[in-house]
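Q:
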Amino acid sequence: MSGNTPSSSRGVNAVINDERYRSIFYQVVVFGLFIWAVLSLIENTQINMATRKMAVGFDFLKNTAGFAVAWTPLDYKPSDSYLMVYWVGIINTLILAGISIVLATFLGFIVGILRLSKNWLVAQIASWYVEVLRNTPLLLQIIFWYLGAFANLPRPKQSIEILGFESLVLNNRGLYIPKPQPEDLFWLTALALLVAVLIAIVLNKRATRKQQQTGKYISTLVPTLLVVFGLPLVVFVLTGMPLDWEIPALKGFNYRGGGFVLPAMLAVMVALVVYHSAYAAEMVRAGILSVSKGQTEAASSLGLKQSFVMRLVIIPQAMRAIVPPMISLWMNVVKNSSLAIAIGFPDLVSVFMQTSLNQSGHAVEIVALVMAFYMTVSLTISACLNVYNKKIQLTER
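In the numbering used here, the protein residues as written are 4 to 400.
Below you can see the structure in the form of structure tokens.
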């Protein structure tokens, strides 16, 4: 037995000194402490709420909300439940954040490229754009755009007609636009659009594969446009154009009918776009500068135009450095959209964590639901962009 002791000791020491086992052990300990802390917090909260005779649970979501919401694309009525209010807040937040993410990313790419322009004036304007917007608080920008711009627009009777269209007007009540009214067979047009997008993706993948094999560039712009717009248009015409439009019209002191966007939503959207586009511009600029100058020189020596060099050589390589910080930017857009409460836009924080909480008194449950939403969206954005990031990374042998 004594002869086995040194061998056993060496085995135990080997396990203890193995970095892999120690890493697993530390992770298990930290995870266990985290679970213990969460369970302790839940138990302590339940005890305190029971002591104060406060109701615990999510049954309140079935109760009638009893208040109106200023803007939502959903068919919401004050007689609906708090659960419906929760969904209204989610949809409003996703619409605001989704549009802001797309526009901020697009504008950030343009400004980031302009910052590297050889034209001194253009580069300086882009640089000042970035420096001023990045170093100004977002909340201040939201209030500025709301009180300084959209709240001072003309009254409905003196509305601004955008591009000269009487059905597309802007005033201090908001932006009024024609509202589509799809009829029975319109779903076929939507299906045709989906099929057209899938066909366009296949065409682009085949063109990319052929270019990698032969080195010959194949333009897919015209075929893509023909498929994406042509196929749905043909189906739309063949089904009798099953789409009508509800046009806004001035009746009395305000416009009626059609769709409209609140001034608060416009102000928050503009602030989110310009603020985060400044950060996106720096990410794009850094990504472009991370590409070796030899790549640009080699592409130029082949006679490629500067626009082709940027689109086909520089940007694809720069994306490997742009995407990781862009994940954080997109998540920040979603989370910063909660600042819309400052000017009264009915996002999730406003309609659910403020109004619903004040009426129902279920603070813990409501805050937990709001936290769950933002966490789910953030993790979804992170997962999707990480998948894309892995696809564009260099594959090494």
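Ideal placement from N, C-alpha and C gives every residue a C-beta, glycine not left out. Computed from a predicted structure; not experimentally measured.
1) Counting pairs of beta carbons, one from the stretch 196-206 and one from the stretch 228-241, are three or more of them closer than 8 Å?
2) Apart from the five residues just before and just after residue 342, which ones in its own chain have a Cβ nearer than 7 Å to its Cβ?
3) Take residue 107 and list the residues in its own chain whose beta-carbon comes closer than 7 Å to its own, dropping the five residues that flank it on each side.
4) For the beta strand (DSSP E) holding residue 2, just list the boundary residues, first then last.
5) With a threshold of 7 Å on Cβ separation, who are the neighbours of residue 239 within its own chain once the five nearest residues in sequence on each side are excluded?
6) Which residues does DSSP list as the beta-bridge partners of residue 179?
7) Return yes when the Cβ of residue 156 is within less than 8 Å of the Cβ of residue 171, no when it is not.
8) With DSSP as the reference, please indicate the residues paired to residue 257 in a beta bridge.
9) Specify, as a first and last residue, the run of the alpha helix (DSSP H) that residue 148 falls within.
10) List the endpoints of the continuous beta strand (DSSP E) containing residue 246.
11) Spatial neighbours of residue 88 within its chain, please: C-beta separation below 7 Å, excluding the five flanking residues on both sides.
12) Apart from the five residues on each side of it in sequence, which residues of its chain come closer than 7 Å, Cβ to Cβ, to residue 252?
13) So the candidates are 129, 95, 36 and 65; which of them puts its Cα closest to the Cα of residue 365?
14) In the DSSP assignment, find the alpha helix (DSSP H) that holds residue 26 and state where it starts and stops.
15) So, at 6 Å on beta carbons, what are the nonlocal neighbours of residue 182 in its own chain, with the 5 sequence-adjacent residues on each side left out?
16) What did DSSP end up calling residue 96 once you bin it into helix, strand or coil?
17) So, for residue 383: in the same chain, excluding its five sequence neighbours on each side, which residues have a beta-carbon less than 7 Å away from its beta-carbon?
A: If we stick to the structure as given:
1) yes
2) 141, 142 and 145
3) Cβ contact annotation for residue 107 (same chain, cutoff 7 Å, sequence separation greater than five): 275, 276, 279, 280, 283 and 336, in chain order.
4) Since the first and last residues shown for the chain are 4 and 400, residue 2 lies out of range.
5) 192
6) 172 and 263
7) no
8) 254
9) 141-151
10) 246-249
11) 68, 354, 355 and 359
12) 258, 259 and 260
13) 65
14) 22-54
15) 249, 261 and 262
16) helix
17) Within the same chain, residue 383 has no close Cβ partners at all.
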